[in-house]
Each structure stands twice: as structure tokens, then as C-alpha cells.
Amino acid sequence: MHSASEDLVTFKCACGVLPRPLFDTQIAAALAGVGGGMGYQKLVQEVTGTLLTKGETRSDWMRRPLSPSQLEYAADDVRYLFAIHDELTRRLTEQDRLGWLAEDAERLLATMT
């Protein structure tokens, strides 16, 4: 997840539980020295070199069916997560900071209970 706090509220309401372990790519990027508070689009570009279009950010996501551009936008929101996870995990491991991420994630999850 990227900047997981809002998604965690929805996750808790819909599922009754919180995901563990949590890997928040925004927190991981900050701890790895990539950039604090970096948005997902910039992080994808920084790590993968891919420039995402974010034109559907403010579109009506409640309207069905979703448009082809909304579906593509949604796919892009998850398409790069594994590559980002792997790269940030590598950097955090090299910096001996992976434990810091686990601690920060648990602190975030504790605020959701």
C-alpha cells in the first residue's frame, strides 16, 4: 500500500481486520532516503522510470461501469507495487533499516484499532 492510512480505515470497515504485516511504500521510501512524503506517481517514476498518468484521480469512482481509462488508472495503481516493494526492501536491508519500517507500520496499525 502507498500512504496506507485512508485505505486501512476502509479495510478495517470492510473486513473487520487490518492487514499484517503492512508494507507502506511511502513510509519505506522515506526511511530508505528516496523521499519523505513522496506521492505514488513520483515514487513509481523514481524506482521504475515509468511516468504514470494520473488523469482519473478526481473522476467519479462511484459511477458504474468504470471507464476504460479508470480501469487502466486502477491497474497502474497496483502494477508497480511489487517492483517498488522489492527495491525499497533491498535498500532498507542494505541500510539496516527494515526493522524501522516494521516498527513504523505497527505504530500506524495501532492507531487504527
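Under the working numbering, read the sequence shown as residues 1 to 113, first letter to last.
Virtual Cβ for every residue (Gly too), placed ideally from N, Cα, C.
No experiment lies behind these values; they were computed from the predicted model shown.
- Linking L52 to G35 through their CA atoms gives a straight-line distance of about 18 Å.
- Counting C-beta pairs closer than 8 Å gives three or more between the stretch 30 to 48 and the stretch 86 to 101, which meets the contact rule.
- Take D7, set aside five residues on each side of it, and the residues of its chain with a beta-carbon closer than 7 Å to its own are M1, in chain order.
- By the Cβ-count criterion, A14 is exposed, with fewer than 16 other Cβ atoms from all chains shown falling within 10 Å of its own Cβ.
- With a contact defined as Cβ atoms closer than 8 Å, A110 and F23 miss out at about 16 Å.
- In this structure, T50 and Y80 form a Cβ contact; the two beta carbons are roughly 7 Å apart against a cut-off of 8 Å.
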